[in-house]
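Visitor:
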Amino acid sequence: RYELTPKILLLSQAYLSSSNLPSLVQPTLEHLTELSGESSSLTVLSKTEIIYIARSARKSISFTKDSVLIGSTLPAYCTSTGRVLLASKPRSTQLKILNESQLIPHTEFTVTDTTKLLGILDKVKEDGYAVVDQEVELGICSIAIPITNRQNEVIAAINISTHTLRTASEEVKAKFLGHLKMASEYLKKIL
């Protein structure tokens with residue numbers, strides 16, 4: 002039997018110490034959370050998953066336990082930031098990642114069909130954002146956009162997550178996309 006030991010924290014600490022991305026983005030996430038009243042996060046793609054590298058959690062009482070922490074991972078195919086990051090990749094890379102993913106339904110709303118997912122990724126690339134409605138966890142809806150550097154390379158994705166009891170999924174774009182775009186424009190100047 003194998004299990005992780007506290008030594009694994011040395012690896013995560015080494016990454017967080019060597020990368021200035023989390024520390025540069027954290028004030029922006031705090032501002033997003035203050036503006037929106039919702040949690041915001043920054044993720045990067047690692048193989049078939051997204052990794053949370055910076056986060057600002059909603060400070061008031063939430064409907065569900067906020068279990069997403071720095072270093073947490075989720076499948077890319079069914080998350081808003083994952084879809085934004087996948088959409089920025091060439092089709093061959095998208096197919097490779099989807100074929101290597103365990104496309105399982107986390108809820109009754111999770112899209113697991115590769116052809117449908119490729120269509121969703123095309124739409125995300127065209128629109129410049131992704132909305133995921135209850136595909137990872139019932140009641141949770143999120144919207145994400147890519148974060149680019151000055152060379153216009155997608156280096157991460159940023160999102161705002163809400164509970165459908167606070168914000169209906171149809172309202173997520175109107176309520177949060179403007180905040181995310183402002184944050185993205187600001188971050189592009191400093192990254």
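Just add 1 to wherever you are in the sequence shown, counting from 1, and you've got our numbering.
Yeah, the Cβ is synthetic: ideal placement off N, Cα and C, and Gly gets one too.
Would Asn-160 be called buried (16 or more neighbouring beta carbons within 10 Å of its own) or exposed?
Guide: Asn-160 is buried by the Cβ-count criterion.
Visitor: Can you confirm whether the stretch 113 to 128 touches the stretch 41 to 52 when touching is taken to mean that 3 or more C-beta pairs between the two stretches lie within less than 8 Å?
Guide: Judged by Cβ distances under 8 Å, the stretch 41 to 52 makes no contact with the stretch 113 to 128, as fewer than three pairs qualify.
Visitor: Which class does Ile-191 belong to by DSSP, given the choice of helix, strand or coil?
Guide: Helix at Ile-191.
Visitor: If we ignore side chains and look at the alpha-carbon of each, how far apart do Ser-41 and Phe-110 end up?
Guide: Distance between the alpha carbons of Ser-41 and Phe-110: 22 Å.
Visitor: Suppose the cutoff is 6 Å on Cβ atoms and the five residues either side in sequence are ignored; what does the same chain contact list for Ser-63 look like?
Guide: Note that Ser-63 has pLDDT 47, beneath the 50 cutoff, so the model's placement of it is unreliable and the number below is only indicative. Cβ within range, chain order: n/a, list empty.
Visitor: Using CA coordinates, which residue listed in Glu-35, His-107 and Leu-166 is at the minimum distance from Arg-59?
Guide: Out of Glu-35, His-107 and Leu-166, Glu-35 has the C-alpha closest to the C-alpha of Arg-59.
Visitor: Quick check on DSSP: helix, strand or coil for Ala-169?
Guide: Three-state result, Ala-169: coil.
Visitor: Should Ile-105 go down as buried or exposed, given a rule of 16 or more other Cβ atoms within 10 Å for buried?
Guide: Per the 10 Å Cβ criterion, exposed.
Visitor: Return the residue from the list Leu-75, Lys-126, Ile-71 and Leu-70 that minimises the CA-CA distance to Gln-95.
Guide: When each option's Cα is compared against that of Gln-95, the closest is Lys-126.
Visitor: Can you give me the Cβ contacts of Gly-83 inside the same chain, cut-off strictly under 6 Å, excluding the 5 residues immediately before and after it?
Guide: Excluding sequence neighbours, Gly-83 sits near Ile-51 and Ala-77.
Visitor: Beta-carbon within less than 8 Å of Leu-70's beta-carbon, same chain only, minus the 5 sequence neighbours each way: which residues are those?
Guide: Excluding sequence neighbours, Leu-70 sits near Tyr-53 and Arg-56.
Visitor: Kindly list the residues whose CB is nearer than 7 Å to the CB of Ala-184, restricted to its own chain and excluding five residues on each side of it in sequence; keep chain order.
Guide: Answer for Ala-184: Thr-29, Leu-33 and Ile-159, listed in chain order.
Visitor: In chain order, what residues of the same chain have a beta carbon less than 7 Å from the beta carbon of Lys-176, not counting five sequence neighbours either side?
Guide: Only Thr-168 meet the Cβ criterion.
Visitor: Buried or exposed, going by whether 16 or more other CB atoms sit within 10 Å of the CB of Ile-141?
Guide: Buried is the call here.
Visitor: Run the CB neighbour count on Glu-154, radius 10 Å, all protein chains shown included, and call it buried at 16 or more, exposed below.
Guide: So Glu-154 counts as exposed.
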